[in-house]
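Position 325 of the sequence shown, counting from 1, maps to 321 under my numbering, and the rest follow consecutively.
Glycine is no exception: its CB is placed at the ideal position from the N, C-alpha and C atoms.
Remarks on the structure that follows.
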Amino acid sequence: MWTYLSEWLQFGVRWVHVVTAIAWIGSSFYFIALDLGLRKPHGAPMVGVGGEAWQVHGGGFYHIQKYMVAPPHMPEDLTWFKWESYATWLSGAALLFLVYYLGADLYLIDPAKADLPAWAAVLIGVAGLALGWVVYDRICKSPLGKNDSVLLGIVFVYVVAASFVFSQLFSGRGAMLHTGAMIATIMTANVAMLIIPNQKIVVADLKAGRSPDPRLGAAAKQRSLHNNYLTLPVIFLMLSNHYPLAFATEWNWAIAGLVLLIGAVVRHFFNTKHKTGQHLWWCWAVAGVLFVLVMALSGAPGWRASSTGEASSTSNASLDFPADPQLALARSPLFQEAEGIVQSRCSMCHARKPLWPGMGHAPKGVLLENGRDIVLNAALIERQAVRSHAMPPGNITGMEPSERLTLARWLETGSGLYRP
């Protein structure tokens, strides 16, 4: 019963997480575009108004004005934008707990890197998220925070360094996910610990008849800018767990760094467009080059290399198949050996009745119980266990480099036109 409930619980929490993230990201992008697109008011502006924008949507016209500090008097109805951020982080934290912390042995721990007990891995993960915010916040509040460009550079180096540490302690999947979770924690903490509190101080000053401190708004705007540049990378990092070539590599921390740069240049394109109307097309060229580097790193020699050197020699092999792949693979002289490897290393989870505790269904419905199953899923085996070391997760069943080499040679026997 728990297995049944836990799967639906994960599905439900993931649904909430995606919906709230859409709301948060959408509002964030909207207000960045609005703020950068403000123009000087026409005619006699109201006291304190620094910019305005006219917009049309859904058949209606909207006239928006921004006060540089605050309006002279507190309005009766004021909409706060905060719960989108809070709900996204809370649902994400719940999902992290349900999937990675309750399933730490399967998804978080890689004994080949650090043979941690589950409780220690979870503790490191939680501490990493908390420490990530504390260090970031101290950097921003230091003298370094007075220069936005220098500060962004330091934050970049800091996030990449944290990603490297995660990659040395956790499985590739867990490392990328925790890098994304640390960034998401920083973003939500920016809202909860600085942006909203500063706005509340401004509101309190208005109610008391005091003039608000403009530095409060400037500090909040700086953190909002950081959130703007971090949004695209955190989405990539959260999605990366579905794509082994992104996480199942020793270079996943470098990929995370390149993705940070891609997100920055893409947002710079849109920020400049909103502010000046210019189209900096070079930003897309830079993003494209960086993405090519990401793809190159995902297959770089060494990240699959073993102590025997066998894995790297086959990882980049061209593993195509003939027009009748099932027959060719089944008739391969290496098939029985490959079948034994898959059944001994993979079938305890990829079975009609999985033997792994708490697992009610084969992951993603992939079955590897018998020869027919194995041949039908040859392309998945290639991607998950040969081209990358994503499976078994954290190599929990101890698949040897020589066994991966055998699988690669078995797949090579069917070189030709295989397209699953």
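Exercise for the section: Could you tell me if residue 397 is buried or exposed, where buried requires 16 or more neighbouring beta carbons within 10 angstroms of its beta carbon? Expected result: The sequence position of residue 397 within the sequence shown is 401, counting from 1. Residue 397 should be labelled buried.
| query | Given that a residue counts as buried once 16 or more other Cβ atoms are within 10 Å of its Cβ, and exposed if not, what is residue 42? | reply | Counting from 1 along the sequence shown, the entry for residue 42 is found at position 46. Exposed: under 16 other Cβ atoms inside 10 Å.
| request: Name the residue from 352, 355, 331, 395 whose alpha carbon lies nearest to the alpha carbon of residue 372. | output: Position 376 of the sequence shown holds residue 372. That would be 331, whose Cα lies nearest to the Cα of residue 372.
**Asked** Can you give the Cα-Cα distance for residue 289 and residue 104, rounded to whole angstroms?
**Response** As a working note, residue 289 is residue 293 in the sequence shown. As a working note, residue 104 is residue 108 in the sequence shown. The alpha-carbon atoms of residue 289 and residue 104 are separated by roughly 26 Å.
- Can you tell me where the alpha helix (DSSP H) with residue 137 in it begins and where it stops? Here residue 137 refers to the residue found at position 141 when the sequence shown is read from its first residue. Residues 114 to 137.
Between the stretch 191 to 202 and the stretch 237 to 256, are three or more C-beta pairs nearer than 8 Å? no
Taking 7 Å as the limit between beta carbons, can you name the residues of its chain near residue 128, skipping five residues before and five after?
Counting from 1 along the sequence shown, the entry for residue 128 is found at position 132. Within its own chain, the residues whose Cβ lies closer than 7 Å to the Cβ of residue 128, once the five positions on either side in sequence are excluded, are 158, 178, 181, 182, listed in chain order.
Notebook entry, point to check: Quick one: any contact between the stretch 187 to 194 and the stretch 163 to 170, if contact means 3 or more CB pairs under 8 Å?
Noted result: no
Within 10 Å of its beta-carbon, does residue 335 have 16 or more other beta-carbons around it, so buried, or fewer, so exposed? Along the sequence shown, one-based indexing puts residue 335 at 339. Buried is the call here.
Notebook entry, point to check: Taking residue 185 as the reference, which of 387, 154, 130 has the closest Cα?
Noted result: Sequence index remark: in the sequence shown, residue 185 carries index 189 (1-based). For residue 185, the nearest C-alpha among the options comes from 130.
Discussion item. If we require 3 or more residues per run, which beta strand (DSSP E) segments fall completely within the stretch 225 to 254?
Written reply: The stretch 225 to 254 contains no complete beta strand (DSSP E) run of 3 or more residues.
Would you mind working out which of 375, 214, 176, 188 sits nearest residue 226, comparing C-alpha positions? For this step, residue 226 is matched to residue 230 along the sequence shown. Here the closest residue by C-alpha is 176.
| said: If contacts are defined as beta-carbon pairs under 8 Å, then residue 279 and residue 255 qualify, I think. What distance do you get, rounded to the angstrom? | reply: Within the sequence shown, the letter at position 283 stands for residue 279. Within the sequence shown, the letter at position 259 stands for residue 255. About 15 Å separates the two Cβ atoms, so there is no contact after all.
* To do: Tell me, to the nearest whole angstrom, how far the beta carbon of residue 417 is from that of residue 347; I am working on the premise that it is less than 8 Å.
  => The structure shown has nothing for residue 417, since the chain only spans -3 to 416.
Practice problem: Compare the Cα-Cα distances from residue 29 to each of 268, 75, 362, 405 and report the closest residue. | Solution: What you label residue 29 is simply residue 33 of the sequence shown in a count that begins at 1. Ranking the options by Cα distance to residue 29, first place goes to 268.
- Query: In angstroms, rounded to a whole number, what distance separates the CA positions of residue 65 and residue 139?
  - Reply: If you number the sequence shown from 1, residue 65 lands on position 69. If you number the sequence shown from 1, residue 139 lands on position 143. Those two C-alpha atoms are separated by around 24 Å.
From this set, 18, 375, 116, 345, which residue's C-alpha is nearest residue 230's C-alpha? Residue numbering aside, residue 230 sits at position 234 when the sequence shown is read from its first letter. Residue 18 is the option with its Cα nearest to residue 230.
Output yes or no for whether 8 Å exceeds the beta carbon distance between residue 362 and residue 376. Looking up residue 362 in the sequence shown gives position 366. Looking up residue 376 in the sequence shown gives position 380. Yes; because the gap between Cβ atoms is below 8 Å, this pair is in contact.
Residues sharing a beta bridge with residue 195, DSSP: Along the sequence shown, one-based indexing puts residue 195 at 199. None; residue 195 has no bridge partner.
Requested in this report: For my contact list, residue 13 and residue 87 are in at a C-beta cut-off of 8 Å; report their separation, rounded to the angstrom.
Outcome: Within the sequence shown, numbered from 1, the residue matching residue 13 stands at position 17. Within the sequence shown, numbered from 1, the residue matching residue 87 stands at position 91. Right, the Cβ-Cβ distance comes to about 4 Å (below 8 Å), so this counts as a contact.
Thinking C-alpha only, which one of 380, 164, 98 is nearest residue 110? Along the sequence shown, one-based indexing puts residue 110 at 114. For the residues 380, 164, 98, the minimum Cα distance to residue 110 belongs to 164.
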